[in-house]
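Sequential numbering of the sequence shown, starting at 205, is according to the numbering used here.
C-beta atoms are modelled at their ideal positions from N, C-alpha and C, and glycine is treated no differently.
See below for the structure under consideration.
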Amino acid sequence: MLTILLAGIPLFGLIYMLILAFGSGHSASKRNWAKATLIWAVIGAVLSILFVVVLGALGWTFNAGSAGGTGVG
């Protein structure tokens, strides 16, 4: 329970998860859990960035179309 609580602290949690995932002083189940959590965090970050880029491109396209111009200026 303490592991999940510590992993939820923004910057400290990332460092703690890296130590758990790649350190040798912890049980195999904690190492596997930390690795899986880090993988899911990376997947979530990539999908979030992709979502923002797509929405930004759509917003720029619709804004350019409604202005009647090229979208520049």
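For M221, the enclosing alpha helix (DSSP H) begins and ends at 214 to 226. With contacts defined by Cβ atoms closer than 7 angstroms, K239 and A249 do not form a contacting pair. Inclusion of A232 and M221 in the CB contact set at 7 angstroms is not warranted, their separation being larger than that value.
Nearest in C-alpha terms to K234, of all of V256, N267, T207, is T207.
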